[in-house]
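In the working numbering, the protein residues as written are -4 to 469.
Ideal placement from N, C-alpha and C gives every residue a C-beta, glycine not left out.
Notes for the one structure printed next.
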């Protein structure tokens, strides 16, 4: 087979780029990417793009610097610019190297795309890579969308990825390189079974091929048929996803009720599609078992709870909505400590500006008579003894209880929030007023204590006035 002729026909049929368009080509220096670079350089003028070569030096081996120099020289021989990013070995993680390396590469690609004003990145993934990927994902238990394997074209954050060698087998690329006298670098780490892909390549796939020599053809057929079915279903899934999921910069918000109203099989497809699209920006992969766990958790009777997900993600449920976001590691504890330490003293005749336009004031009854009060303000009428002053204004703390007006005994503030279906985020921002001894007077905007008097009472000595532009008026 004349690989150049077949490659030319393939890229022209797909219309991956137009003549002279600026594309980025990821080149490791291995045979696959060297062949890709050579094929593009020898395309007919009618469909040949302009190129910038990208190379990441992972700093794994002593020869990595030499390989980076080789790629620079190779790019120059084709008249292409070359950008190199070095990842120092001292910055390597102690575990999860493959995932971390991928993040480094794609961050570099995104930066290069912006600097070069290029929107297309070409990689040298080929047919053998596709077979390995499908089998690896099947064993891992990935979602149906991911079992279709590597897509020939995929949108990423800041650029689109094109894989024009996907129809071609590894042995075809090697044969082309040898026939055309191409030089490339041999990465000895490709022989190591330290990496999952290498174990599949060297051990698992050869064993499976003993059972069926047509294994690779069957896996490719499975991938193509599955992708075809997904393409048919995709409009329905996408339509449902747009109704159910709101993508925001650092999180996605899922409407629990709308999701659970879908057929069970569609629920998982919507979640898989949502995570797949969000992963473009957040760089992670989620398995079917986690999607099922998430769906079942959303269907459980836990209105305000959280669920840990892979890749440092968490899902936080707040009644009919679920927020999926990157989990904060150290910030929450520091934030809670500082928040719990925030206590204001409120003396008669003074006011405290809390946040977002919220203001709370304490007046004596005589001061109150002479004040001009905004009509939307909340008023709490009190009969306080001198030793109950100054009042304290703070956020809620664990174990807080309120003697609710009109009820016997006390009630946990947590239970009050649950009864009123207050979202978790709002609970953390809520303010409480206590007397000097710590007895709760008011869960601001939500519930008054038994210390709150009716306005017609003769024993009123102090009045709390609270204004909030977004007040619920409770």
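Residue i: which of the options sits nearest, CA to CA?
i, options, result
"residue 24", "405, 108, 178", "178"
"residue 291", "268, 263, 271, 1", "263"
"residue 424", "160, 388, 434, 159", "388"
"residue 145", "183, 85, 218, 203", "218"
"residue 150", "110, 272, 54, 45", "272"
"residue 67", "438, 161, 288, 180", "180"
"residue 312", "447, 70, 295", "295"
"residue 394", "342, 227, 410", "410"
"residue 349", "47, 460, 54", "460"
"residue 400", "215, 449, 97", "449"
"residue 470", "5, 123, 72", "Any property of residue 470 remains undetermined from this structure, which presents the chain solely from -4 to 469."
"residue 183", "340, 345, 62", "62"
"residue 232", "221, 269, 223", "269"
"residue 355", "341, 365, 363, 361", "341"
"residue 445", "433, 305, 403", "403"
"residue 112", "69, 242, 16", "16"
"residue 126", "142, 175, 266", "142"
"residue 462", "372, 4, 267, 97", "372"
"residue 117", "147, 415, 85", "147"
"residue 386", "398, 457, 303, 364", "457"
If we count the other Cβ atoms within 10 Å of its Cβ and call it buried at 16 or more, is residue i buried or exposed?
i, result
"residue 20", "buried"
"residue 427", "buried"
"residue 140", "buried"
"residue 381", "exposed"
"residue 408", "buried"
"residue 285", "buried"
"residue 121", "buried"
"residue 259", "exposed"
"residue 256", "exposed"
"residue 332", "Residue placement at residue 332 is poorly supported in this model, since its pLDDT is 46, which falls under 50; the coordinates are not used for a value here."
"residue 35", "buried"
"residue 156", "buried"
"residue 204", "exposed"
"residue 107", "buried"
"residue 46", "buried"
"residue 44", "buried"
"residue 159", "buried"
"residue 138", "buried"
"residue 443", "buried"
"residue 361", "exposed"
I'd like the span of the alpha helix (DSSP H) that includes residue i, first residue to last.
i, result
"residue 236", "210 to 239"
"residue 191", "191 to 194"
"residue 552", "This structure leaves residue 552 out entirely; the chain is present only between -4 and 469."
"residue 169", "165 to 174"
"residue 64", "59 to 72"
"residue 285", "283 to 293"
"residue 26", "26 to 36"
"residue 456", "No alpha helix (DSSP H) holds residue 456; DSSP gives it neither H nor E."
"residue 361", "360 to 364"
"residue 200", "200 to 206"
"residue 140", "139 to 142"
Go to residue i, then tell me how far its beta strand (DSSP E) extends in each direction, as first and last residue.
i, result
"residue 306", "Segment: none, residue 306 is in no beta strand (DSSP E) and carries neither H nor E."
"residue 346", "345 to 348"
"residue 151", "148 to 151"
"residue 41", "That residue, residue 41, is in no beta strand (DSSP E); it is neither H nor E in DSSP."
"residue 386", "386 to 390"
"residue 254", "Careful: residue 254 lies outside any beta strand (DSSP E), inside the alpha helix (DSSP H) at 251 to 255."
"residue 436", "435 to 438"
"residue 77", "76 to 81"
"residue 145", "Counting along the chain, residue 145 falls outside any beta strand (DSSP E), and DSSP gives it neither H nor E."
"residue 180", "No beta strand (DSSP E) holds residue 180; DSSP gives it neither H nor E."
"residue 319", "316 to 321"
"residue 22", "Taken as a continuous stretch (DSSP letters only), residue 22 belongs to no beta strand (DSSP E), as it is neither H nor E."
"residue 472", "Nothing can be reported for residue 472: it is not among the residues displayed for the chain, which extend from -4 to 469."
"residue 13", "It is not in any beta strand (DSSP E) - residue 13 carries neither H nor E in the DSSP assignment."
"residue 441", "Looking at the DSSP string, residue 441 is not in any beta strand (DSSP E), and its letter there is neither H nor E."
"residue 377", "373 to 377"
Would a check of beta-carbon distances place residue i closer than 8 Å to chain C?
i, result
"residue 316", "The structure shown contains no chain C; it is built from a single protein chain."
Exercise. Counting pairs of beta carbons, one from the region 309 to 323 and one from the region 235 to 251, are three or more of them closer than 8 Å?
Worked result: yes
Exercise. Between the region 125 to 141 and the region 189 to 198, do at least 3 Cβ pairs fall closer than 8 Å?
Worked result: yes
Problem set entry | alpha helix (DSSP H) segments (min. 4 residues) lying fully within the region 84 to 122 | 92 to 111
Exercise. In chain order, which continuous runs of the alpha helix (DSSP H) of length 4 or greater are located wholly inside the region 397 to 433?
Worked result: 408 to 414, 419 to 424
Problem set entry | Three CB pairs or more closer than 8 Å across the region 207 to 217 and the region 229 to 246 | no
Exercise. Per the contact definition of three or more C-beta pairs closer than 8 Å, is the region 193 to 204 in contact with the region 25 to 33?
Worked result: no
Problem set entry | Segment contact flag, the region 48 to 65 with the region 76 to 85, C-beta cutoff 8 Å, min 3 pairs | yes
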